[in-house]
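One structure is given below, encoded as structure tokens.
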Ligand SMILES: [Zn+2]
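Chains as they are written, first to last, in the working numbering: chain A, 1 to 152; chain B, 1 to 380.
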């Protein structure tokens, strides 16, 4: 079955070791995610595509325990909604990136724990296409330790 | 040219059926005019703030079509602070002697919705479940609690105080005290923030009449002087709402810069402030904003809140009218509600919630997406 990223060029896919696609400013070196049209620090438009480190540390986190309004597009209803974790992960010393976490159980999350980028299912479209997204998983638990439905 | 506040007026905050935002704005302006002892034809100009109403100047059709310049502003959660600053600046510049700042809004229940690209966020930011202010505030306070030893009980105590203060305020939306236990036990929305720790979008309006300070005594024996109005946007390195990334090299939040500039403009420091209104979008925001506005060191909130320092009768009264948690947030009006409360407190007219000891200096702070802060300082 086809698995399609939710948006083009946000992460490398298909890939055994997916990486997030950020931007690096050719003028001041500022690294951001995703790749922006210009630099948030200096305003330069010379921002180049830059693959981010796969691993980092959890800087902060929370849980999303109610169904977001539109434009949220997971296809869930208030009845089928599954809470998800969200965090900021510091990738190397380059940038802190916001992403979904593979667990919504705060007992399994610690400030500073090692995390890595994984690609997980987000929704199944009517034509059977599986839409996938990037997420951060605790390194010692790995993707197998994640608690989301449909995890590989 | 310095500026005085000679009248304040409010339409209560809450839910009001079919009453339009414009009509609530008219109620607030009429109350402010009566408070100043003037009539609408005395008003030379106005600034009106709203999120939901495209043209707040439509309120002139309720008050009298006098032909005055009436300028509409929208600046996120700092909309009211912007309307206040622009009104004050127009008087400071010598262009006008007397004007009105008004804010009005009427929001549907639930979180605000917009298009994330209008906040410079990625186009998929909402689709993928990131476009939520509550989630940002939760991530910010969670890290802050970890770094500075703040407990969930402290967040609940802050919310309980604001509900208790709201119960003393006839204009508040939430007028029923809620216990610390019930706040902690209410539904978790975004860890560590529970349902009762958040404010809700609602409806309401507030208005302020300003004039040249040297003419204030024509209208009132108790003018309140606007000593500082500042606005700042986020700098590179600040961790802000609706952003898919944050820089590793951290900088202070925009509130810190707005606050420092306001103290400098007013020529006073946080130790001189007698009554404080802070943006408590959630209980954690009040905790963080106490430090960002210079009222304590990071981490001191744990002890200050436990000791009751921020209660109405404490040494540092915060959100004496119940803040956003008890009043809700009609965006355009919220900051002028803060000013309304400070003026009543400085005049000694705050009734059951009056801060004892004749407060002389009031401080108000707003913060909102995508990283904008406003601060006002008022004195007797
Ligand atoms: Zn740059």
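Glycine included, every Cβ here is placed at the ideal spot set by N, Cα and C.
- Query: Quick one: what does DSSP say residue 64/A is sitting in, helix, strand or coil?
  - Reply: strand
- Task: Can you give me the start and stop residues for the beta strand (DSSP E) that residue 6/B sits inside?
- Result: 3-14
- Item | Chain-ordered neighbours of residue 2/B on chain A, where CB pairs are closer than 8 Å | The premise fails here: residue 2/B is roughly 37 Å from chain A at the closest Cβ pair, so nothing lies under 8 Å.
- In three-state terms, what does DSSP make of residue 69/A? coil
- Specify the secondary structure class of residue 71/B as computed by DSSP and reduced to three states. strand
- Is residue 120/A helix, strand or coil by DSSP? strand
- Query: So does the segment 92-100 of chain B actually touch the segment 200-209 of chain B, counting three or more Cβ pairs closer than 8 Å?
  - Reply: yes
- Task: Examine chain A for any beta-carbon lying closer than 8 Å to the beta-carbon of residue 55/B, and answer yes or no.
- Result: no
- Task: Show which residues of chain B have a CB atom less than 7 Å away from the CB atom of residue 38/A.
- Result: Residues of chain B passing the Cβ test: none, with the nearest at roughly 10 Å.
- Interface positions of the segment 246-265 of chain B facing chain A (Cβ-Cβ less than 8 Å), listed along the chain: 246, 247 and 248
- Task: For my contact list, residue 118/A and residue 33/A are in at a C-beta cut-off of 8 Å; report their separation, rounded to the angstrom.
- Result: That pair is no contact at about 16 Å.
- Task: Spell out a yes or no on whether the segment 71-82 of chain A and the segment 50-57 of chain A are touching, meaning 3 or more CB-CB pairs, one atom from each, closer than 8 Å.
- Result: no
- Query: For residue 235/B, which three-state DSSP category applies?
  - Reply: coil
- Using a Cβ-Cβ cut-off of 8 Å, state whether residue 135/B counts as contacting chain A. yes
- Cα-Cα separation between residue 3/B and residue 361/B, rounded to whole angstroms: 15 Å
- Should residue 152/A go down as buried or exposed, given a rule of 16 or more other Cβ atoms within 10 Å for buried? Residue placement at residue 152/A cannot be trusted, given a pLDDT of 34 that sits under 50; what the coordinates show is reported in the next sentence. Classification for residue 152/A: exposed.
- Query: Across which residues does DSSP place residue 136/A in a beta bridge pair?
  - Reply: 101/A and 117/A
- Query: Between residue 73/A and chain B, is there a C-beta pair that is closer than 8 Å?
  - Reply: yes
- Item | Sequence-ordered residues whose beta carbon comes within less than 6 Å of a heavy atom of ligand 1 | 25/A, 27/A, 28/A, 30/A, 39/A, 41/A, 42/A and 44/A
- If you draw a straight line from the alpha carbon of residue 36/A to that of residue 141/B, how long is it in whole angstroms? 27 Å
- Item | Residue span of the alpha helix (DSSP H) that contains residue 355/B, given as start and end | Neither: residue 355/B is in no alpha helix (DSSP H) and is coded neither H nor E.
- the segment 297-313 of chain B in contact with the segment 81-98 of chain B per 3-pair CB rule at 8 Å: no
- Item | Minimum C-alpha distance to residue 115/A - residue among 123/A, 59/A and 4/A | 59/A
- Task: Tell me, to the nearest whole angstrom, how far the beta carbon of residue 88/B is from that of residue 229/B; I am working on the premise that it is less than 8 Å.
- Result: 5 Å
- Query: Among residues of its own chain, excluding the 5 on either side of residue 366/B, which ones have a beta-carbon nearer than 6 Å to its beta-carbon?
  - Reply: 77, 78, 81, 279, 335 and 374
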